[in-house]
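Input: a single structure, listed below in structure tokens.
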Amino acid sequence: MPDKITRRSILKGGVAGSIASLLFRPKSSKAHQIKAYQNSMGVLVDLTRCVGCRSCEAACNAEQNMPEPAKPFTDMSVFDEGAHGHKRRTDETTLTVVNKYDVPGLDHPLFRKIQCNHCQEPACLTSCFVAAYTKTPEGAVIYNADVCVGCRTCMIACPFYIPTFKYSSAFDPKIVKCIFCYDTRLKYGQPPACVEACPQEALTFGKRKDLLKIGRRRIVDNKDKYEDHIYGEFEAGGTSWLYLSSVPFEKVGFDMTLPHQPILDSVKNFLGMVPMVLTIWPALFTGFHLLATRKEPHAKDENTTKQEVGE
Amino acid sequence: MKLFTSRDQQLPVTGSTKKDGTLWSLKERLFLGLSFDGYKQQMLRNPVNWFLFAILVVGLPLLLQRYGFGLGSVTHGSNDYPWGLVLGFGLFAMVPLSASGFLLGTTVCLFGRKDFHPIERLALLNGLLGYFFAVIYLEVDLGMPWRLPYPMVVSFGTGAVLFLVAWHVATYLSVQIAEVLPALFEWLDKPEWTYYIKRVTLGLTVAGIILSTLHQGALGALFTYAPAKIHPLWISTEFQWIHFLCSAIFAGLAMVIVSSTLIIKFLHWRCGKAFRENLDYMTIGLAKGASYAMITYLVIKLVAIAHDRNWEYLLTGWGLYYLLEIGIAVVLPMIMFAKGARDGWVGLIRVGAFITVIGIVWNRLNTSLVCFNWQMYQEIPHWKEVWLTVTLYAFYFITYRFIVYRLPIVFDWKESEK
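Residue numbers (the working numbering), protein chains in the order written: chain A, 1 to 311; chain B, 1001 to 1418.
So, in structure tokens, the structure goes:
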């Protein structure tokens, strides 16, 4: 290290640093740590306890004043329904759905409840160009229909295929999704309706960080029973709703290919480039114009030439 | 416009004054110097108009149905495929095909290549209309079309890619209107109004480059919100924006070649001397530019596969489909452009341009529909959605033709002597 910082040493350091940063890129497999809202609430879903009674669906329907479904919530034939060879999903009249999975080698089916997972860093929120979504300190991802334009980017962005659109309405369409019963319950510290309705204690409401501990303890205490993974701890940057399963998660419909970083991370490559273009392009292209379009040959001005040589 | 082909080189309304020195009235300018009946006759004689009429007869009621009964009444209303054909074609394909405006603006104004001047206005108009109709398509697809200005005035989601697209498309639309206005001012006999626009042309051009770089890229970046939903060969979170930007360059150039080909072939009576005589030369120049953009695009595509380590996907069915797309939509026209530019085969270039334009539409539809949810099921658009898309394109065609018929886009306006 030279004792004096010269232009040369700065340049050398800068170039070496840039090359090093290009060659030795940090391993990006580590999960993204989201520090905001440490005390936010969540729900731990234990698939081993769910019996597919659909009480949660019924409770949700009543709590959110949704229209009565074609088949009553006691009708279990709906498990075989579902369009395009896929399981049932949320739609404009259903915020949560229980699906049945027959896992080979298992003598009983498994049931999995889906609803909004209330991500730590929600893709729907970060992709919304009118900021219609809010992640509340309590953990809920809520939606403001008053500013929504109906572009449906949130539905593209949601890695869990949760937000749905009220396509049937011409004059009052909106995004429909689970809001963690925020308005009626969560705001007042109460668990959502589905959790309260569950007769099997398959759903546990609590602080997300406590739920992770409970989940890990269940895994440790029952090594043969559970997969050694809590779905939602890291997926898409972490979710408020967490899942425990007795079989590999992909066998009960979970997407195990999801990145462990928030969805926003894959967009950041582009977003980081925007200010550069905005600041560099004007000078760069005006410069090109000046370079490309000198019309007259240089006037023979001896003084200028001498000065340029002298520089 | 069959009527005019019989008259030898007799161009209708090419300047402010008639032969006897009196000014054309606005009505005469609109009817191209024909009487109302004469105009109607030539309209009815053109089979293209009957074809357009057939599209609109079914399409207009569908448009009413969409606004009266909601998107669900004309589409599958899919929650798995929130963006259907209307957006996949109307926004994601129309915008790259309209990159022509900023490309030719840059060529002529910024780099001073006056030899491309005769086609510059056509490129600007092509750009303006493409963007304008992309917004029209958007207005059909948005759930609440009446809230289109919300991201500008009501609520700001500044961190979202679509926010950038909205602002940039809106700004760029204004820039393009300013760039095309001189043609309208000349037609209206108010050439002095162009003074202020001419003074800021360079500024407008540079603004065009910035905005185009960003929103062409942003359309690609929109798909990086769905990194796990699109087939890895069509999504590269690192390079998606540059894939879209780079392909927009040859898409825009090819679209100008296609548009000018149609105009010189079917609207020969409308073309001015400079346009007619230089078109072959300019077509070759555009093809050269397009082939450079294409080889660059191919290399970045390759880089993306290498970077994301997607080699093994190339051996699957999806990989073959990918190679088919690259082969037909990029490599083939690239060779046609290069060969045509080298040997001066303008015909070959023109066929290549048609392939390129269709190829870009194919690529954008692959990204937004075919390879979206590739592990799920394939969404086949509802026939009404297909018809709506075609109907809007018919409107685009009609507007395009209406303007090229009248404004001095491919000919020079002879101003009245004062």
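Idealized CB from N, CA, C, for every residue including glycine.
Whole angstroms are fine: how far does the CA of D91/A sit from the CA of P1145/B? 22 Å
Could you tell me whether the Cβ of M155/A comes closer than 9 Å to any Cβ of chain B? M155/A counts as touching chain B.
Within-9 Å CB hit, P1408/B to chain A: no
Cβ closer than 8 Å: which chain B residues qualify as neighbours of W281/A? V1206, I1209, I1210, T1213
So with Cβ pairs under 9 Å, would you call P26/A a contact of chain B? Residue placement at P26/A cannot be trusted, given a pLDDT of 45 that sits under 50; what the coordinates show is reported in the next sentence. Chain B contact via Cβ: absent.
Would you mind telling me which residues of chain A sit closer than 8 Å to L1224/B, beta carbon to beta carbon, in chain order? A small correction: the amino acid at residue 1224/B is Thr; Leu does not occupy that position in the sequence shown. In chain order: S266, V267, N269, F270.
Does the beta carbon of I263/A come closer than 9 Å to any beta carbon on chain B? Yes, contact with chain B.
In the DSSP assignment, what residue or residues form a beta bridge with N99/A? The partner list for N99/A (beta bridge, DSSP) reads R112/A.
Using a Cβ-Cβ distance under 9 Å, would L95/A count as near chain B? Using a CB distance cut-off of 9 Å, L95/A does not count as an interface residue toward chain B.
Please check if any C-beta of chain A sits within less than 9 Å of the C-beta of L1148/B. Interface with chain A (9 Å Cβ-Cβ cutoff): L1148/B is included.
Can you check whether the C-beta of M1376/B is within less than 9 Å of a C-beta belonging to chain A? yes
Since Y243/A sits in a beta bridge, which residues does DSSP pair it with? V45/A, Y231/A
For N1366/B, return the contacting residues in chain A, with the cut-off set at a CB-CB distance below 8 Å. Ordered by position in chain A, no residue passes the 8 Å Cβ test against N1366/B, which lies about 16 Å from the chain.
Smallest Cα separation from D107/A: which of Q261/A, S246/A, I263/A, Q115/A? S246/A
Against chain B, does M273/A count as a neighbour if the rule is that its beta carbon must be under 9 Å from one of theirs? With 9 Å as the cut-off, M273/A counts as an interface residue toward chain B.
Of all the options G1105/B, V1410/B, V1074/B, A1178/B, which has the alpha carbon lying nearest to the alpha carbon of E1277/B? Comparing Cα positions, the closest option is V1410/B.
Starting from V277/A, follow the alpha helix (DSSP H) in both directions and report where the run begins and ends. 264 to 292
Can you pull the chain A neighbours of M1144/B, defined as C-beta to C-beta under 8 Å? C148, V149, G150, P173
Please tell me whether Y243/A has its Cβ less than 9 Å away from any Cβ of chain B. no
Closer than 8 Å by beta-carbon distance: list the chain B residues that pair up with P122/A, in chain order. The contacting residues do not exist; P122/A stays about 11 Å from chain B at best.
Going straight from the alpha carbon of L1136/B to that of Q1240/B, what length do you get? Before going further, note that residue 1136/B is Ile rather than Leu in the sequence given. Approximately 25 Å, taken between the alpha carbons.
Using a Cβ cut-off of 7 Å, which residues of the region 1153 to 1169 of chain B contact any Cβ in chain A, in chain order? V1154, S1155, F1156, G1157, G1159, A1160, V1161, L1162, F1163, L1164, A1166
For C119/A, which of helix, strand or coil comes out of DSSP? Note: C119/A maps to strand in three-state DSSP.
Boundaries of the beta strand (DSSP E) in which Y143/A is found, first to last residue: 141 to 143
CB of E227/A within 9 Å of CB of F249/A, strictly: yes
Only counting the same chain, and skipping five residues up and downstream in sequence, which positions put a Cβ closer than 7 Å to that of L211/A? G42, L44, T204, L242
Among the residues of its own chain, which have a CB less than 6 Å from the CB of A1287/B, if the five just before and after it don't count? F1337, G1340, A1341, I1349
Quick one: list the residues of chain A neighbouring T1237/B, beta-carbon separation under 8 Å, in chain order. Scanning chain A for C-beta atoms nearer than 8 Å to the C-beta of T1237/B yields S266, V267, N269, reported in chain order.
Give, in chain order, every unbroken run of the beta strand (DSSP E) that is at least 3 residues long and sits entirely within the region 1251 to 1338 of chain B. none
May I ask you to list, following chain order, the residues of the region 77 to 105 of chain A that have a beta carbon less than 9 Å from some beta carbon of chain B? A83, H84, G85, H86, R89, T90, D91, E92
Neighbourhood of I230/A by C-beta, 6 Å cutoff - its chain only, sequence neighbours within 5 removed: Exclusion of the five residues before and after I230/A leaves G215, L242 as the residues of its chain whose Cβ lies within less than 6 Å of its Cβ.
What whole-angstrom Cβ distance do A140/A and I179/A have, given they're in contact under 8 Å? Confirmed, about 6 Å.
Decide if R208/A is buried, meaning its Cβ has at least 16 other Cβ atoms within 10 Å, or exposed. That one is buried.
Counting beta carbon pairs with one atom in the region 1321 to 1335 of chain B and one in the region 1182 to 1196 of chain B, are three or more of them shorter than 8 Å? no
At a cut of 8 Å, does the region 1083 to 1090 of chain B reach the region 1350 to 1358 of chain B through at least three beta carbon pairs? no
What residues match up with D91/A in a beta bridge as DSSP calls it? T94/A
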